[in-house]
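Numbers given in the numbering used here equal positions in the sequence shown, counted from 1, plus 51. We put the CB at the ideal spot given by N, CA and C, even for glycine. Worksheet for the structure shown next.
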Amino acid sequence: MFRAALAALFVLALVGCHNPGRPQFTVFFTNDLGTHLESDRNGRGGLARIAYLVKQAKAENPHTILLDAGDMAVGTAFGTETRGESVFRVMNAAGYDAATFGNHEFDLGAEQAKRYQEIAKFPLIACNIRDRESKPFAQEYAIFQIGEVRVGVIGVANPKTPGLVEPSAVSELKFLPAEGEVRRVQNDLAGQADLFIVLSHQGLKQDLYFAYHVTG
Numbered sequence: 052m053f054r055a056a057l058a059a060l061f062v063l064a065l066v067g068c069h070n071p072g073r074p075q076f077t078v079f080f081t082n083d084l085g086t087h088l089e090s091d092r093n094g095r096g097g098l099a100r101i102a103y104l105v106k107q108a109k110a111e112n113p114h115t116i117l118l119d120a121g122d123m124a125v126g127t128a129f130g131t132e133t134r135g136e137s138v139f140r141v142m143n144a145a146g147y148d149a150a151t152f153g154n155h156e157f158d159l160g161a162e163q164a165k166r167y168q169e170i171a172k173f174p175l176i177a178c179n180i181r182d183r184e185s186k187p188f189a190q191e192y193a194i195f196q197i198g199e200v201r202v203g204v205i206g207v208a209n210p211k212t213p214g215l216v217e218p219s220a221v222s223e224l225k226f227l228p229a230e231g232e233v234r235r236v237q238n239d240l241a242g243q244a245d246l247f248i249v250l251s252h253q254g255l256k257q258d259l260y261f262a263y264h265v266t267g
C-alpha cells in the first residue's frame, strides 16, 4: 500500500547517544518488504543483506532490536507461490524481534494471517484488531529488556484495512481506531516499561498526526 525503498533498513532510534552516562540502544526497522527477499537488479536491499547488517550491529552492541512495520506477505511471485509464508521463514532466519500486521497480511483472509503468526518465531503484534467475540486477534505488544531499559513495542494495524482488502477476507474482524487502543495498552503496562515504541502501519500522514497527539 505504502511506497517504501526496497527492503529499506533504517535506524529508528538511538537513545542517549553522545551521553555515556545514559543507557543506549539501537532499533532497526523495515517496512513494506512485499516479499522482496532478494536484492533488486541494482543490488539494493534483500533480507540477506539486512540480516548481515543487523548481525554486525548486534555484535558491536547487543542492545539492538530489529522490527518490521507490516506489508510483508504479498508482492512477488515468490510470495504468491507460498501464500506469503516464505517471507516469515526468512525473517526468522534474519533475526527479527517483532513485527506488526499490514493490510496485505489479510489479503488471503484472517485464517492465513493466523498462519503467519504460527510460522513467525517473533511476535506479530497489533493492539487494535478484535475477533467476532471482541477478543484480541493478535498479541498486542511485546516488551524487550534492552540493557537497562524496558522497551514496550505496541503494534498498530491500519484501521482502514477492511476497505483495502476483499471485504469477505476480514468480515469477522474489527479494526479499531488506534489512538484509544494505544492509550489503553500504555495504561495496562504502567510500571512495566520505561518507554514505548508504536510500530504502526496506518500510513505516513496518519502516523505523523498520531505522533503529535499521543503522549508518553
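Practice task
Specify, as a first and last residue, the run of the beta strand (DSSP E) that Ser251 falls within.
Solution key: Residues 246-251.
Problem - Pairwise C-alpha distance: Gly130 and Thr86 - result: Taking the straight line joining both Cα atoms gives about 5 Å.
Problem - Spatially closest choice to Leu118 from Val236, Val202, Phe261, by CA coordinates - result: Among Val236, Val202, Phe261, the Cα nearest to that of Leu118 is on Val202.
Problem - Terminal residues of the alpha helix (DSSP H) in which Phe157 lies - result: Element bounds for Phe157: n/a, residue is neither H nor E.
Problem - Exposure label - Asp83; buried when at least 16 CB within 10 Å - result: It is buried - the Cβ of Asp83 has at least 16 other Cβ atoms within 10 Å.
Problem - Contact under 8 Å by Cβ, Ala161 with Leu227 - result: For Ala161 and Leu227, no; Cβs fall outside 8 Å.
Exercise for the section: Answer yes or no: do Thr151 and Leu88 have a C-beta to C-beta separation smaller than 8 Å? Expected result: Between Thr151 and Leu88, the C-beta spacing is not below 8 Å.
Handout entry: Rounded C-alpha distance that separates Tyr167 from Phe157
Key = Going from the Cα of Tyr167 to the Cα of Phe157 covers about 10 Å.
Exercise for the section: With DSSP collapsed to three states, give me the class of Phe53. Expected result: Because Phe53 carries a pLDDT of 37, less than 50, the predicted location of this residue cannot be relied on, and no value is offered for it.
Exercise for the section: Would you tell me roughly how many angstroms separate the C-alpha atoms of Val221 and Pro187, rounded to the nearest one? Expected result: Our two residues, Val221 and Pro187, have alpha carbons roughly 14 Å apart in a direct line.
Practice task
Would you mind working out which of Val265, Gly121, Ile176 sits nearest Gly254, comparing C-alpha positions?
Solution key: Taking Gly254 as reference, the option from Val265, Gly121, Ile176 with the minimal CA-CA separation is Gly121.
Exercise for the section: Find out if the Cβ-Cβ distance for the pair Met123, Val105 is shorter than 8 Å. Expected result: Their beta carbons are not under 8 Å apart, which means Met123 does not touch Val105 by this criterion.
Exercise for the section: State the Cα-Cα distance for the pair Glu184 and Glu136, rounded to the nearest angstrom. Expected result: One Cα belongs to Glu184, the other to Glu136, and the distance between them is close to 27 Å.
Problem - For Phe76, the nearest candidate out of Pro113, Val216, Leu98 (CA to CA) - result: For Phe76, the closest alpha carbon among the candidates Pro113, Val216, Leu98 is that of Pro113.
Exercise for the section: From the DSSP output, in three-state form, read off Phe79 for me. Expected result: Per DSSP, reduced to three states, the secondary structure at Phe79 is strand.
Practice task
Check the DSSP bridge columns for Val202 and list the partner residues they point to.
Solution key: Answer is Phe195, Leu246.
Practice task
Throw me the rounded Cβ distance for the Ala171 and Asn154 pair, which I believe falls under 8 Å.
Solution key: The Cβ separation is near 17 Å, so there is no contact.
Handout entry: Span of the alpha helix (DSSP H) around Ala102
Key = Residues 98-111.
Practice task
Have a look at Ala262, Lys109, Thr81, Ala108 and flag the residue whose alpha-carbon is nearest the alpha-carbon of Thr96.
Solution key: The amino acid at residue 96 is misidentified as Thr; the sequence shows Gly. Put simply, of Ala262, Lys109, Thr81, Ala108 the residue whose alpha carbon is nearest the alpha carbon of Gly96 is Thr81.
Handout entry: Inter-residue Cα distance where the pair is Pro174 and Asn93
Key = Roughly 32 Å between the two C-alpha positions.
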